[in-house]
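Residue numbers (my numbering), protein chains in the order written: chain Y, 8 to 360; chain E, 11 to 344; chain H, 4 to 308. Remarks on the structure that follows.
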Amino acid sequence: MNGPILIVEGLVKHFPLRAGLFHKQTGEVKAVEEVSFDITADEIFGLVGESGSGKSTVGKTLLRIYKPTKGIIQFKGMDVTKLTRETLHSLRKQAQIVFQDPKSSLNPRRSIRSTLEESLIVHKIGKNGRDRQKIVADLLGMVELSPNYMYKYPSMLSGGQRQRVAIARALALKPSFIVLDEPTSALDVSVQAKVIRLLQRLQVERQMAYLFISHDLSLVRTIASRTAVMYLGRIQELAATADLFTNPLHPYTKTLISAVPVVSAEERQMKPKNQSHEGEIPSSINPPSGCAFHPRCRLAEQVCAQELPDLMEVIPGHFVRCHIAIDALSANTREIHLVDSIQQKASNKITRR
Amino acid sequence: MDQYILEIRDLHVYFRVYEGISRVLDGVSLDVREGEQVGLAGETGCGKTVTMKAVMGALKIPPAIIPKGEVILDGQNVLKMSAEQLHQLKGTKVSMIFQDPMNALNPVFTVGTQLFDVIRFSNRHNSNQGKLSKKELLNRAITVLDEVRLPDPKRILTSYSLELSGGMRQRVLIAMALVNGPRFLIADEPQTALDVTIGAQILDLLSGLVKTMGISVLLITHNLGVIRETTERVNIMYAGQMVEAASTALLFENPKHPYSQGLLASVPRLTGGDIAEGIRGTVPDYTRAPSGCRFHPRCDHAMPICSQKKPPLTMLKPGHYVRCWLYAKEGEVE
Amino acid sequence: MRSDSLVSSSGAAETVAKWAALKDTFGRNWYRFRRNPISLIGGSMVLLVIIVAILAPYVTPYPEHAGAFTDFSIAFQPPSQLHWFGTDEVGRDVFTRVIFGYRVSLMMAAVVLGISVPFGIFLGLVAGYFSGWIETIIMRITDVFLSLPALIMALAICAAFSPTIEHAMLAVASIWWTWHCRLVHGLTRSIKTEEFVQASQVIGSSHFRILFKDILPNCASAIIVKITLDAGFVILVGASLSFLGLGVQPPKPGLGTMISYGAQHLPMQWWLTVFPSFAIFFLILGFNLLGDGLRDMLDVEAEGI
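What follows is the structure in structure tokens.
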């Protein structure tokens with residue numbers, strides 16, 4: 008097992024809300040609040056959540072599309088939050104992104120070749136036009152598209168083909184880490200299957216790590232080795248994917264899994280029963296006190312509204328942020344490992360994994 | 011209960027485009043009985059939107075051409091109706107809700123204004139009613155908002171759409187669709203743009219309305235899980251042809267058409283495991299559609315006859331129909 | 004044209020693919036353009052004028068009349084077989100002078116737009132992309148310039164220096180950039196939030212690469228429509244200036260100047276004003292129709308038909 012390629016600690020991202028003539032700040036969208044996790048160099052890490060969970064923001068902040076408000080992002084030992092323009096430039100070669108909407112992630116006015124060449128030109132790969140053209144042809148081949156596609160424009164391609172181009176663009180710089188932000192959500196199920204298989208194959212062949220962001224739980228179940236569930240900017244549960252789905256501990260995770268429409272009897276069997284789907288997702292500007300899920304939670308008690316629970320490892324490798332779940336299990340565990348506490352870091356007991 | 015509220019028979023729809031004639035629908039047949047929730051499953055480009063537009067009388071002719079087929083809504087052929095007659099049926103006989111609730115409401119008017127507009131519009135032909143009083147409008151509005159389980163209807167009426175969440179907006183749209191008492195609702199991907207938990211609420215609501223109000227729902231989606239959990243019967247559509255139709259439980263347990271099989275195999279499972287390779291090839295170009303069975307270029311079981319003649323609709327058992335040469339036999343049903 | 008087949012990239016197959024894609028793009032655009040009668044009509048009108056103006060010395064019956072030529076024996080002749088548009092007060096063929104006058108008008112449009120448009124686009128891109136104080140400064144300066152009326156400015160500059168056509172063009176150009184700056188600024192602000200721009204940022208493209216390769220091409224259709232409509236306006240302003248005595252000086256042929264001189268001889272020698280006026284009208288109408296047609300066509304394209 009390789010070591011972690013990415014370590015995120017206490018990541019916070021707030022977006023200011025401005026109003027009035029002088030653009031005064033009137034509030035904040037607390038998109039991401041104290042998120043910590045790590046990803047090893049050859050794993051697919053799943054990040055699931057609904058709107059307002061902050062999962063997309065996490066992905067984009069990792070790549071410095073947004074500047075983090077607080078927190079540390081360590082990529083291969085480098086602190087990404089403190090990078091200058093020069094060092095940021097070299098990060099670009101190692102970490103890339105594939106966006107959700109193939110319609111808007113490719114410039115409609117640029118040929119496929121121009122889009123794919125961009126990375127090569129910016130990082131001075133390839134000696135001349137001919138050279139770059141060959142590399143572009145190879146990239147298209149990697150995503151199972153004929154080289155002739157390079158002369159086409161995005162409007163001539165189907166959604167699945169456009170996503171393949173977006174993947175080829177991400178691969179151009181030979182990154183070791185790719186953020187995939189809902190890469191197949193806009194695609195039909197049969198096209199999605201092909202694109203997912205392609206992504207899996209590439210991940211193994213090129214030994215990359217993926218952060219796979221999605222709201223489709225069945226999909227994440229199939230490809231991610233570990234998964235984190237986010238709600239209103241915080242990780243609520245994190246575990247090996249199989250454990251998360253067969254033994255969900257957080258009430259939100261259970262609600263989420265039970266809401267997924269499934270096609271087979273086996274899946275219906277394994278879904279948690281008696282879950283209510285009532286309630287709305289609260290606003291990230293004015294989040295509820297204590298545990299963000301408490302207004303919708305059937306098991307909520309007084310402490311849930313008063314105190315924000317910590318993310319705790321209650322079973323080895325399985326973390327949950329919930330007073331009820333933690334209390335239920337603490338009787339059975341000997342040591343409780345705190346994840347995002349400063350004391351823990353100071354005493355050097357890194358107990359993730 | 012055996013009355014048909016919608017019967018589409020052998021519908022053909024073509025379009026005139028830059029490249030020639032795009033033969034999108036090539037003989038689509040489908041029916042919905044009273045009080046039923048039926049699914050129409052198909053991927054992008056299969057022609058489900060065109061089919062629905064035909065049912066609602068919303069196809070622009072030209073560039074559309076309808077050379078053959080009938081769409082019988084509650085006994086009347088929609089394709090032969092005048093514009094005025096079509097206007098009358100929208101909202102009162104059949105209503106539609108769409109995929110994206112975020113953009114379907116006008117942001118500069120209150121929800122109440124828009125809801126009242128809908129009520130008034132459909133009632134303008136009722137001469138015996140005269141103009142509806144404010145009280146009457148308010149009553150009807152509150153009743154319907156209640157039916158879609160929106161708390162505090164009075165507040166909703168005075169709100170603007172931007173103040174409402176996606177789930178609430180979708181409920182408002184459903185209310186607007188139902189307020190004039192149609193017995194048939196077409197729901198085009200009602201949950202796709204919503205979060206999983208909210209989408210589940212909306213689907214529950216629709217199923218509830220079918221039970222309590224006895225309306226029929228035609229649910230169009232490419233999400234097979236949704237079809238499985240909410241519909242009684244399902245029609246699978248591919249490239250303008252209906253390839254398989256059966257009761258939902260039957261079809262999902264034992265899909266017969268190679269496309270249905272490929273589709274189901276591609277769905278990722280909550281229980282994990284690899285997903286299949288998908289279906290090779292892509293959706294055809296309708297200006298040069300494959301001859302015979304339109305699926306044959308992508309089918310692993312294709313035989314010579316598949317490219318020569320369009321397969322007839324075969325009944326495998328009562329209620330289970332397949333359009334495929336693998337199963338065609340004597341005594342075809344078309 | 005969507006196939007998944009893997010064609011090997013040999014030289015010939017490659018060229019075929021390249022041409023096929025280009026032909027498809029052009030074919031589609033031509034089909035849309037062709038379907039819209041307005042753009043066809045406007046385009047033909049403009050094209051006709053341009054061709055005739057370029058070939059002026061070869062298509063006009065009396066090219067020498069475009070300069071200093073006098074023959075009082077044929078002065079003030081009404082339109083006839085010999086002189087389609089009649090002759091003016093010193094015997095010059097009006098038809099010839101109108102065609103040469105077109106040259107001046109078109110040149111003025113080309114020079115004014117050629118200077119002001121790139122300048123305006125550049126400032127608009129910078130203001131829209133970088134925002135913050137750069138945006139504020141640029142847009143406030145734009146606001147100031149926008150409040151200055153073009154004609155008055157031109158008069159002022161021509162009066163301050165000398166009333167030559169060069170000064171007139173400079174004056175108009177010094178105001179004209181603001182419209183394009185505004186247009187591009189607004190477009191840039193919305194385009195920069197698109198994911199393909201974020202993708203280029205994640206790749207590490209420099210700001211200027213993003214501006215010129217990602218954002219500007221997406222503004223292109225709006226800019227083209229605006230330039231086409233602008234051409235008509237600029238020509239009108241130029242003709243107005245010449246009419247007022249600034250701009251084209253005699254004996255050079257200028258449509259505005261011709262109208263100005265001819266106005267003194269109305270209504271007897273009507274052909275001296277009517278034909279140059281009609282010529283201006285024809286050209287401006289052509290540009291307007293072309294611009295409208297292009298805008299309709301490009302709107303439709305945006306809807307993906």
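A virtual CB, placed ideally from N, CA and C, is assigned to each residue, including glycine.
Item, Value
"Classification of aspartate 96 of chain H by the beta-carbon crowding that lies within 10 angstroms, buried from 16 upward", "buried"
"Short CB-CB distance (under 8 Å) between methionine 4 of chain H and chain Y", "In this prediction, methionine 4 of chain H scores a pLDDT of 38, lower than 50, which makes its location untrustworthy; the coordinate-derived value is nonetheless stated afterwards. By this cut-off, methionine 4 of chain H is an interface position."
"Backbone secondary structure at glycine 289 of chain H - three-state DSSP", "helix"
"Which of helix, strand or coil DSSP assigns to tryptophan 22 of chain H", "helix"
"Neighbour list for arginine 361 of chain Y in chain H, Cβ cutoff strictly below 9 Å", "Any answer about residue 361 of chain Y is impossible in this case: the structure gives chain Y only from 8 up to 360."
"First and last residue of the uninterrupted beta strand (DSSP E) at valine 101 of chain H", "That residue, valine 101 of chain H, is in no beta strand (DSSP E); its alpha helix (DSSP H) goes 97-133."
"Cβ-based burial, tyrosine 61 of chain H [other Cβ within 10 Å; buried from 16]", "exposed"
"Buried versus exposed call for serine 283 of chain Y [16 or more other C-beta atoms within 10 Å across all chains shown]", "exposed"
"Chain E contact residues for aspartate 195 of chain Y, given Cβ-Cβ distances below 7 Å", "Glu53, Thr54, His232"
"CB contact below 8 Å: aspartate 205 of chain E versus chain Y", "yes"
"Interface residues of chain E facing serine 118 of chain Y [CB-CB closer than 9 Å]", "In chain order: nothing, as chain E lies at least about 20 Å away."
"Rounded straight-line distance, which links the Cα of alanine 299 of chain Y to that of glycine 61 of chain Y", "13 Å"
"Same chain only: Cβ atoms within 6 Å of alanine 185 of chain E, ignoring 5 sequence neighbours per side", "Val154, Leu155, Val158"
"Methionine 48 of chain H beta carbon less than 8 Å from that of phenylalanine 236 of chain H", "no"
"Residues near glutamine 210 of chain Y in its chain [Cβ-Cβ closer than 7 Å; skip 5 each side]", "Ile51, Tyr217"
"Near the ligand PLP: serine 225 of chain Y beta-carbon under 7 Å from a heavy atom", "Absence of the ligand PLP is noted for the structure shown, with no ligands found whatsoever."
"Partners in chain E for glutamate 287 of chain Y, counting only beta-carbon separations shorter than 8 Å", "Ser175, Gly177, Met178, Ile208"
"First and last residue of the uninterrupted beta strand (DSSP E) at arginine 26 of chain E", "14-27"
"The beta strand (DSSP E) enclosing asparagine 245 of chain E, as first and last residue numbers", "243-248"
"Pair within 8 Å by beta-carbon distance, glutamine 243 of chain Y and threonine 260 of chain Y", "yes"
"Partner residues on chain E for threonine 262 of chain Y, Cβ-Cβ distance less than 8 Å", "Thr207"
"Residues sharing a beta bridge with serine 226 of chain E, DSSP", "E:Phe194"
"Continuous alpha helix (DSSP H) assignments of at least 4 residues falling wholly in the segment 120-203 of chain Y", "136-149, 166-178"
"Under 8 Å between C-beta atoms of methionine 142 of chain H and alanine 130 of chain H", "yes"
"Leucine 345 of chain Y versus aspartate 195 of chain Y - alpha carbon distance", "At leucine 345 of chain Y, the pLDDT of 46 sits below 50, so the modelled position is not reliable and the matter cannot be decided from this model."
"Contacts around serine 317 of chain E, its chain only, beta-carbon distance under 6 Å, and the 5 residues preceding and following it disregarded", "Ser301, Gly302, His306"
"Proximal residues to threonine 324 of chain E (C-beta, below 8 Å), its chain only, five neighbours per side dropped", "Tyr331, Val332, Arg333, Cys334, Tyr337, Ala338, Lys339, Glu342, Val343"
"Phenylalanine 88 of chain H (DSSP reduced to helix, strand or coil)", "coil"
"Span of the alpha helix (DSSP H), counted from its first residue to its last, around tyrosine 170 of chain E", "From DSSP, tyrosine 170 of chain E is part of no alpha helix (DSSP H); its letter is neither H nor E."
"Exposure of threonine 276 of chain H, with buried meaning 16 or more beta-carbon neighbours within 10 Å", "buried"
"Bridge partner(s) assigned by DSSP for methionine 237 of chain Y", "Y:Ile242"
"Nonlocal neighbours in the same chain, by C-beta distance under 6 Å from isoleucine 119 of chain Y, ignoring five residues either side", "Tyr156, Met157, Lys159, Val172"
"Boundaries (first-last residue) of the alpha helix (DSSP H) holding threonine 181 of chain H", "168-194"
"Sequence-distant residues of its chain with Cβ nearer than 8 Å to aspartate 86 of chain Y (five each side left out)", "Ile79, Ile80"
"Pair within 8 Å by beta-carbon distance, isoleucine 213 of chain H and valine 205 of chain H", "no"
"The beta strand (DSSP E) enclosing glycine 37 of chain E, as first and last residue numbers", "30-43"
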